[in-house]
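J.:
Numbering (my numbering), first residue to last: 175 to 484.
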């Protein structure tokens with residue numbers, strides 16, 4: 175394995191390249207999921223929900239296990255994480271089945287990220303060794319109790335799920351900057367008359383949408399999701415370890431700074447179009463006043479000449 179996490183954009187790697195039995199995959203296919211609909215779809219397709227009785231809030235994460243014994247974790251911000259599930263099976267589940275529960279799907283811009291994991295039956299706790307997740311399964315092996323293993327999987331999955339979501343937002347912001355470049359070029363060339371208020375408003379709306387997607391779900395930006403507050407401290411450690419490996423905190427910070435810069439740029443454009451609109455209104459008012467003065471002078475002139483004629 176390389177030293178950096180593998181990120182794949184739009185389509186997963188061929189399954190022949192990796193051993194899915196030792197792979198954690200995260201795929202982001204939508205802005206958000208209707209979690210009630212997610213549960214209905216998974217039940218319909220024969221998945222067992224919350225198979226280990228972890229009792230996490232299904233509005234925060236849905237855990238499902240299929241006949242192949244692979245684990246699926248679905249998060250409300252449009253991301254699905256799988257453990258030991260073939261890449262094509264995960265893609266089909268996310269893009270063909272769960273997509274029916276999606277709001278604002280973006281299959282054409284989906285992001286997929288993979289990490290390797292191994293199990294260690296001699297350990298009660300889990301950790302990350304480089305970019306490999308080491309899953310402690312001692313209790314599972316000795317007592318046939320998977321709860322601790324599943325808790326660790328949820329924590330690692332929650333941390334990993336943020337990465338493809340951020341990748342989607344990073345791509346969207348890059349596309350936003352590319353789309354805005356024309357307007358900035360107009361300003362540089364003194365062609366600000368090309369700017370329209372409708373175009374500036376459209377760009378403002380796109381920017382607000384990006385900001386909302388980044389900050390709407392606190393689980394993406396918070397140091398610790400709400401669902402881990404009452405759990406054992408190790409879960410926070412697992413969550414933070416994988417977040418550090420994926421550079422999540424720095425990527426969120428960079429995204430926010432770039433959005434701040436974009437806001438400053440669009441504010442300047444908005445002020446210019448508003449000022450131009452105000453100037454146009456002022457000239458319209460001046461012209462209307464001038465027309466009114468002309469008519470008034472014409473009326474006075476006609477009255478005076480009428481009196482002289484009499």
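Even for Gly, the Cβ is constructed at its ideal location relative to N, Cα and C.
Does residue 382 pass the burial test, meaning 16 or more other C-beta atoms within 10 Å, or should it be called exposed?
T.: exposed
J.: Excluding the five sequence neighbours on either side, which residues of its own chain have a C-beta within less than 7 Å of the C-beta of residue 132, listed in chain order?
T.: Absent from the model: residue 132. The displayed extent of the chain is 175 to 484, so no value can be given.
J.: Given a threshold of 16 other Cβ atoms within 10 Å of its Cβ, counted over all protein chains shown, does residue 463 qualify as buried or as exposed?
T.: exposed
J.: Measuring straight from C-alpha to C-alpha, what distance separates residue 244 and residue 375?
T.: Straight across, the Cα-Cα distance linking residue 244 with residue 375 is about 46 Å.
J.: Would you mind giving the Cβ-Cβ distance between residue 198 and residue 255, rounded to the nearest angstrom? I have them listed as a contact below 8 Å.
T.: 7 Å
J.: Is it buried or exposed, residue 352, if we count other Cβ atoms within 10 angstroms and call 16 or more buried?
T.: exposed
J.: Have a look at residue 231 and residue 246 and give me their C-alpha separation to the nearest angstrom.
T.: 15 Å
J.: The alpha helix (DSSP H) that contains residue 215, what's its start and end?
T.: 209-218
J.: Report the rounded CA-to-CA distance for residue 278 versus residue 337, giving the unit in angstroms.
T.: 19 Å
J.: Within 10 Å of its beta-carbon, does residue 349 have 16 or more other beta-carbons around it, so buried, or fewer, so exposed?
T.: exposed
J.: Below 8 Å on the Cβ atoms is my contact criterion, and I expect residue 215 with residue 275 to pass it. Report the Cβ-Cβ distance as a whole number of Å.
T.: Here residue 215 really is in contact with residue 275; their C-beta atoms are around 6 Å apart, less than 8 Å.
J.: Tell me whether residue 294 sits in a helix, a strand or coil according to DSSP, three-state version.
T.: strand
J.: Does DSSP put residue 301 in a helix, in a strand, or in coil?
T.: strand
J.: Which value, in whole angstroms, describes the spacing of the CA atoms of residue 323 and residue 249?
T.: Roughly 19 Å separates the two Cα atoms.
J.: In terms of alpha-carbon separation, which member of 440, 288 and 226 lies closest to residue 318?
T.: 226
J.: Determine the direct distance from the alpha carbon of residue 234 to that of residue 440, and round the result to whole angstroms.
T.: When rounded, the distance between both Cα atoms is 34 Å.
J.: May I ask which residues mark the beginning and end of the alpha helix (DSSP H) holding residue 262?
T.: 261-266
J.: For residue 237, name the three-state secondary structure that DSSP assigns.
T.: strand
J.: For the putative contact between residue 283 and residue 252, defined by C-beta atoms under 8 Å, what is the C-beta separation to the nearest angstrom?
T.: So it is not a contact: roughly 11 Å between Cβ atoms.
J.: What does residue 394 pair with, by DSSP beta-bridge criteria?
T.: Residue 394 pairs with nothing; no bridge assigned.
J.: Buried or exposed: where does residue 268 fall if 16 or more other Cβ atoms within 10 Å of its Cβ makes it buried?
T.: buried
J.: Cβ atoms of residue 388 and residue 459: under 9 Å apart, would you say?
T.: no
J.: Compare the Cα-Cα distances from residue 207 to each of 339, 329 and 305 and report the closest residue.
T.: 339
J.: Count the other CB atoms within 10 Å of the CB of residue 472; is the residue buried (16 or more) or exposed (fewer)?
T.: exposed
J.: Just to confirm my understanding: we take residue 179, look at its own chain, exclude 5 residues before and 5 after, and list those with CB closer than 8 Å. What are they?
T.: The predicted position of residue 179 is uncertain, since its pLDDT is 43 and thus under 50; a value taken from the coordinates is nonetheless stated next. Closer than 8 Å at the Cβ level, and outside the excluded window around residue 179, lie 287, 288, 289, 305, 337, 419 and 420.
J.: Grab the span of the alpha helix (DSSP H) containing residue 316 for me, first residue to last.
T.: Membership of residue 316 in the alpha helix (DSSP H) is indicated by the continuous run 312-317.
J.: Which of helix, strand or coil does DSSP assign to residue 351?
T.: Looking at residue 351 - three-state DSSP - the assignment turns out to be helix.
J.: Just grab the DSSP bridge partners of residue 279 for me.
T.: 204
J.: Please identify the residue among 303, 416 and 377 whose C-alpha is closest to the C-alpha of residue 356.
T.: 377
J.: Determine the direct distance from the alpha carbon of residue 273 to that of residue 212, and round the result to whole angstroms.
T.: 9 Å
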